[in-house]
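Line by line, the protein sequences are chains A and B.
Each residue of the first sequence is one higher than the last, beginning at -3 in our numbering.
Each residue of the second sequence is one higher than the last, beginning at -3 in our numbering.
Beta carbons are placed, not taken as given, at the ideal position from N, Cα and C, and that holds for glycine.
Protein chains: 2
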Amino acid sequence: MKIINGGVSTPKGFKAAGIHCGVKAAGGDKKDLALILSEVPCSAAGTFTTNKVKASPVYLSMENIADGKAQAIVCNSGNANACAPNGEAHAMTMCVETAKALGLDKEDVLVASTGVIGHEINIDAIAGGIPEAVKALSEEGGEDASYAIMTTDLVNKQVCVEIELSGKTVTIGGIAKGSGMIHPNMGTMLCFITTDADIAPEILSPMLKDCVRTTFNRISVDGDTSTNDTCIVLANGLAGNDRITEENEAYAVFKEALAFVCRTLAVKIAKDGEGATKLITCTVKGAESEEKAEKISMSVIKSPLVKTAMFGEDANWGRVLCAMGYSGEDFDPEKVTVGFSSKAGSIDVCTGGKGLEFDEEKASKVLSEEEITIDITMQEGEYEVTAWGCDLTYDYVKINGDYRT
Amino acid sequence: MKIINGGVSTPKGFKAAGIHCGVKAAGGDKKDLALILSEVPCSAAGTFTTNKVKASPVYLSMENIADGKAQAIVCNSGNANACAPNGEAHAMTMCVETAKALGLDKEDVLVASTGVIGHEINIDAIAGGIPEAVKALSEEGGEDASYAIMTTDLVNKQVCVEIELSGKTVTIGGIAKGSGMIHPNMGTMLCFITTDADIAPEILSPMLKDCVRTTFNRISVDGDTSTNDTCIVLANGLAGNDRITEENEAYAVFKEALAFVCRTLAVKIAKDGEGATKLITCTVKGAESEEKAEKISMSVIKSPLVKTAMFGEDANWGRVLCAMGYSGEDFDPEKVTVGFSSKAGSIDVCTGGKGLEFDEEKASKVLSEEEITIDITMQEGEYEVTAWGCDLTYDYVKINGDYRT
């Protein structure tokens, strides 16, 4: 697998665009409409928010992707079209207008939105913008698209990799956005992945679900699951590889690459969490089961007390042990070792469930880095899980509470 | 039921004390050792942290209370004696030294600690302080005890009520402490309740569990469950009421009063949550079941995005609906109404799962108060649950992360 520069318009036969259509009023020229198109129909798979309250475009995309086929994605930022007046009708208009402008069936267009909740979306701006976005479509448009889906993300998020399948070069590109808001709102996780791989939809769909389970579902910024979360992959087959229709070697190679793309974007989202100054990785090793390791790592990564300790660069292993303890999983604290590591080194701080005498100065140095790992070993089995999050800072409170001042 | 001034030393036959023994070094004279004594043996019941990682005194108290009898409680603040060297031995020393100084069996002494985790407790200071605390015991000592269990609580927390049972006046007093820390640490919830009621321990124990379930278990400051959480009730029978041994009318009257004491202290803890500027009450009405109403109300009260919105005094009902949606409970968003109320008035902001046009100025006025209620109606059944929490503020981050500066 080779990491290359690129994004969703890099795989063969894909074009993308990102333009300003007017949903985001502030500033006047921030991109707020993204379009991704394949020149031929694609195998398509998606995972969507588990929140009981779903945005209107989520329902529409779930319906349109049910047949395992799609050819385009249209996405606006600035308004989530969730719990909003005329939400269904406006999501449908986005879909129909895009299909019309591209000459596609409306069932082959997927729709996503992100931004403020509960306000009617400016559908005139979007409808006016769609033909413009179609005109802007290009093989270099992936980066523009990555900007057009951002809300308060500080950086755009792209990744692209190449693999070989049956002698053909296959490319996978992806863009994502994380927690952010332009008005008071919950954050939304969006991820769009394109590939020229030839793969059957009935294989692609469970593969994506499994990749999402171990990547996007193992990040947490604040524990709030949005109404709009969406991850879509489109595979147009133009790489010319032997079509993947079963779990063979090519399946394994492709799945590893897809998981890498998901993981890379997931980590970028965690690192760019609202107000975050640090990426926190929590690795649980030696667990009795994957489920247990997952619950424990997520409990640690979500703990406000662990998150504030990381912000304070404090080697507060007691909070780590405490968060493990309320994860709902059973374990023997006396078998637990906790350490912290970063590129400045690593330090064990707790073993056998009790504190170690450690060099506070060294601990401070380890924790002063921007990327910190909490290393947990449980000594009860062979399973290992990694979860990602970020610290909890003044700016999180500022962004989400104090926006009026 | 009559609310009276008082606390744990108000019921007949109880004395209490709170002194400085030296566990808390900073400042030099902050009270850090509390003692509560009944002149006769008591029916005793307790609930303890569900965290898999429990402090040493928690294990000891669970053992000593198992027979439904106890006569004294000793509690230090400043060190949680959790995950700490020689924790078991030191908890036992606290117990034995207290028993010796009071002339009791050690099995009748309950022990609690709160404060920093992972550091060896200063047992010499405590052992030295116990005789002094015994000397200080008095019928007016309840207030001192309420101060001696505080960590970074800003206010002490006491309540006392009187009821009539079989022609006798029965008094119930309680003290509690909430989330706080003097060093980086998770907060701890402690609650000690005394009463002169005559009640069988096998009745008292399930009654306490049920009262805790609908009060202390329905508050959240930051979702972190401590290693030390403890709630104990001692009933010495000196009021002379007919002993409560079954679920009769006296049982109901006493239980209502006990629940009131628990709820009052729970709300005080929520209001004094770390960094909190507002008490947030969330009431879910019209739910299909109590469990569903509880899960939904707790999901809302715990949401960082709801908590920061309340800090920002922003009528952000979308976050409320979103937190309901990821509670894990099934419901129809189109039957949901959300409103906010306070002593400045009330305002509906969402009905049928969609936003209402509302007066932003009025909403700001409602939310500018220090005590705010989020009113949710689900239109699916008869159950109602109330949960309590607080806003998420800069000071929460400061207290828990930035303590070094």
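Nearest-angstrom Cα separation, counted from residue j out to residue i
i                      : j                      : result
residue 10 of chain B  : residue 135 of chain B : 7 Å
residue 374 of chain A : residue 347 of chain A : 10 Å
residue 361 of chain B : residue 340 of chain B : 7 Å
residue 453 of chain A : residue 380 of chain A : Nothing about residue 453 of chain A can be read from this structure; chain A reaches only from -3 to 401.
residue 108 of chain B : residue 63 of chain B  : 18 Å
residue 114 of chain A : residue 48 of chain B  : 41 Å
residue 45 of chain B  : residue 139 of chain B : 25 Å
residue 353 of chain A : residue 222 of chain B : 23 Å
residue 162 of chain B : residue 194 of chain B : 11 Å
residue 226 of chain B : residue 152 of chain A : 47 Å
residue 269 of chain A : residue 217 of chain A : 6 Å
residue 32 of chain B  : residue 68 of chain B  : 5 Å
residue 97 of chain A  : residue 57 of chain A  : 18 Å
residue 28 of chain A  : residue 71 of chain A  : 8 Å
residue 2 of chain B   : residue 394 of chain B : 34 Å
residue 202 of chain A : residue 322 of chain B : 23 Å
residue 338 of chain B : residue 102 of chain A : 48 Å
residue 6 of chain A   : residue 248 of chain A : 22 Å
residue 211 of chain A : residue 258 of chain A : 6 Å
residue 174 of chain A : residue 391 of chain A : 16 Å
Contact belief for residue i with residue j at Cβ below 8 Å, rounded distance in angstroms
i                      : j                      : result
residue 215 of chain A : residue 145 of chain A : Contact doesn't hold; Cβ gap of about 17 Å is too wide.
residue 53 of chain B  : residue 350 of chain A : That belief does not hold up - the Cβ atoms of residue 53 of chain B and residue 350 of chain A are roughly 16 Å apart, past 8 Å.
residue 13 of chain A  : residue 132 of chain A : 4 Å
residue 277 of chain B : residue 382 of chain B : 6 Å
residue 239 of chain A : residue 196 of chain A : 6 Å
residue 237 of chain B : residue 38 of chain B  : Not a contact, Cβ separation roughly 14 Å.
residue 335 of chain B : residue 387 of chain B : 18 Å between Cβ atoms; not a contact.
residue 141 of chain A : residue 30 of chain A  : 4 Å
residue 8 of chain B   : residue 253 of chain B : No, residue 8 of chain B and residue 253 of chain B are not in contact; Cβ-Cβ is about 15 Å, not under 8 Å.
residue 404 of chain A : residue 123 of chain A : Residue numbering for chain A in the displayed model covers -3 to 401; residue 404 of chain A lies beyond these limits and cannot be assessed.
Minimum Cβ-Cβ distance from residue i to chain A less than 8 Å
i                      : result
residue 97 of chain B  : no
residue 43 of chain B  : no
residue 397 of chain B : yes
residue 335 of chain B : no
residue 73 of chain B  : no
residue 3 of chain B   : no
residue 212 of chain B : no
residue 276 of chain B : no
residue 305 of chain B : yes
C-beta atoms of residue i and residue j nearer than 8 Å
i                      : j                      : result
residue 60 of chain B  : residue 4 of chain B   : no
residue 0 of chain A   : residue 157 of chain A : yes
residue 205 of chain B : residue 333 of chain B : no
residue 280 of chain B : residue 293 of chain B : yes
residue 272 of chain A : residue 296 of chain A : no
residue 191 of chain B : residue 168 of chain B : yes
residue 208 of chain A : residue 121 of chain A : no
residue 76 of chain B  : residue 148 of chain B : no
Beta carbon proximity, residue i to chain B, threshold 8 Å
i                      : result
residue 55 of chain A  : no
residue 318 of chain A : yes
residue 321 of chain A : yes
residue 385 of chain A : no
residue 280 of chain A : no
residue 109 of chain A : no
residue 202 of chain A : no
residue 267 of chain A : no
residue 308 of chain A : yes
residue 49 of chain A  : yes
residue 247 of chain A : no
residue 182 of chain A : Residue placement at residue 182 of chain A is flagged as unreliable, the pLDDT there being 44, under the threshold of 50; a coordinate-derived value is accordingly withheld.
residue 174 of chain A : no
residue 87 of chain A  : no
residue 327 of chain A : yes
Contacts of residue i in chain E (Cβ-Cβ under 7 Å)
i                      : result
residue 221 of chain A : In the structure shown, chain E cannot be found, because the protein chains are A and B.
(Q) At 4 residues or longer, what runs of the alpha helix (DSSP H) sit wholly inside the stretch 63 to 123 of chain B? (A) Runs of the alpha helix (DSSP H) inside the stretch 63 to 123 of chain B: 83 to 98.
Q.
Give the list of continuous alpha helix (DSSP H) stretches no shorter than 4 residues that lie fully inside the stretch 251 to 336 of chain B.
A. Considered as a whole, the stretch 251 to 336 of chain B harbours 286 to 298, 300 to 307 and 313 to 321 as its complete alpha helix (DSSP H) runs of no fewer than 4 residues, in chain order.
Q) Unbroken beta strand (DSSP E) runs of length 3 or more, entirely within the stretch 210 to 247 of chain A: which are they? A) Segments of the beta strand (DSSP E) lying fully in the stretch 210 to 247 of chain A: 226 to 231.
Q: Identify every run of the beta strand (DSSP E) within the stretch 126 to 192 of chain A, keeping only runs that are complete inside it and at least 3 residues long; order them along the chain.
A: When DSSP assignments are scanned along the stretch 126 to 192 of chain A, the uninterrupted stretches of beta strand (DSSP E) that are 3 or more residues long and fall wholly within it turn out to be 153 to 161, 164 to 173 and 186 to 191.
Q) Taking the runs of the beta strand (DSSP E) that are 3 residues or longer, which of them lie wholly in the stretch 3 to 61 of chain A? A) DSSP runs (the beta strand (DSSP E)) wholly in the stretch 3 to 61 of chain A: 10 to 15 and 29 to 44.
Q) Taking only runs of the beta strand (DSSP E) that begin and end inside the stretch 335 to 381 of chain B, which ones reach a length of at least 3 residues, in chain order? A) Runs found: 341 to 347 and 367 to 373.
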